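Student:
In our numbering, the protein residues as written are 19 to 150.
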């Protein structure tokens with residue numbers, strides 16, 4: 019009887035550890051400045067989650083979460099050679115400050131919102147300096 023209990027315990031203990039760490043892998047923590055856009059079976063949930071701790075159901079199978087940083091970000095715009103209205107050639111560089119206001123739109127309406135912001139800044143920089 020003692021051997022049966024020891025054998026059962028030696029089987030259940032590793033299984034319990036595996037189950038514990040499997041369930042623990044579902045837990046996600048978002049910082050105060052982050053939001054998570056969750057897709058369940060590929061469909062967007064109504065609103066972003068976070069900050070705090072919450073469960074994602076079997077991350078690779080059911081839920082997929084994309085983290086979005088809501089802090090103000092800085093981005094260097096690479097130097098641009100522009101020509102002004104009076105045909106003067108200039109080399110202009112700039113710094114862009116931006117922040118995400120709506121995480122759902124940032125993830126679903128633009129493929130890479132940070133790259134799109136960079137391209138928009140470069141285009142706007144050329145356009146504005148060309149009008150001067």
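Every residue gets a Cβ at the ideal spot worked out from N, C-alpha and C, and that includes glycine.
All values derive from a computational prediction rather than experimental measurement.
Classify residue 88 as buried or exposed, calling it buried when 16 or more other Cβ atoms lie within 10 Å of its own Cβ.
Tutor: buried
Student: Okay, do the stretch 48-57 and the stretch 109-127 touch, 3+ Cβ pairs below 8 Å being the bar?
Tutor: yes
Student: When DSSP labels each residue in this structure, what does residue 58 get in the three-state scheme?
Tutor: strand
Student: Whole angstroms are fine: how far does the CA of residue 97 sit from the CA of residue 111?
Tutor: 4 Å
Student: If you drop the 5 nearest sequence neighbours on each side, which residues of the same chain put their C-beta closer than 8 Å to that of residue 66?
Tutor: Here the set comprises 53, 54, 55, 56, 86, 121 and 122.
Student: Residue 113 and residue 100: beta carbons closer than 8 Å?
Tutor: Not in contact: residue 113 and residue 100 (Cβ atoms no closer than 8 Å).
Student: Express the C-alpha separation of residue 131 and residue 63 in angstroms, rounding to a whole number.
Tutor: 19 Å
Student: With distances taken between CB atoms, is the gap from residue 61 to residue 91 smaller than 8 Å?
Tutor: no
Student: Could you compute how far the alpha carbon of residue 128 sits from the alpha carbon of residue 139?
Tutor: CA-to-CA, the gap between residue 128 and residue 139 works out to about 15 Å.
Student: Mind checking which residues open and close the alpha helix (DSSP H) that includes residue 149?
Tutor: Here residue 149 belongs to no alpha helix (DSSP H), and DSSP marks it neither H nor E.
Student: Relative to the C-alpha of residue 72, which candidate in 104, 147, 44 and 59 has its C-alpha closest?
Tutor: Each of 104, 147, 44 and 59 was checked against the Cα of residue 72, and the nearest Cα belongs to 44.
Student: What number of angstroms, rounded off, separates the C-alpha of residue 93 from the C-alpha of residue 28?
Tutor: The C-alpha of residue 93 lies about 56 Å from the C-alpha of residue 28.
Student: Within a Cβ cutoff of 7 Å, which residues of the same chain sit near residue 143, ignoring the five residues on either side of it in sequence?
Tutor: 95, 98, 110 and 112
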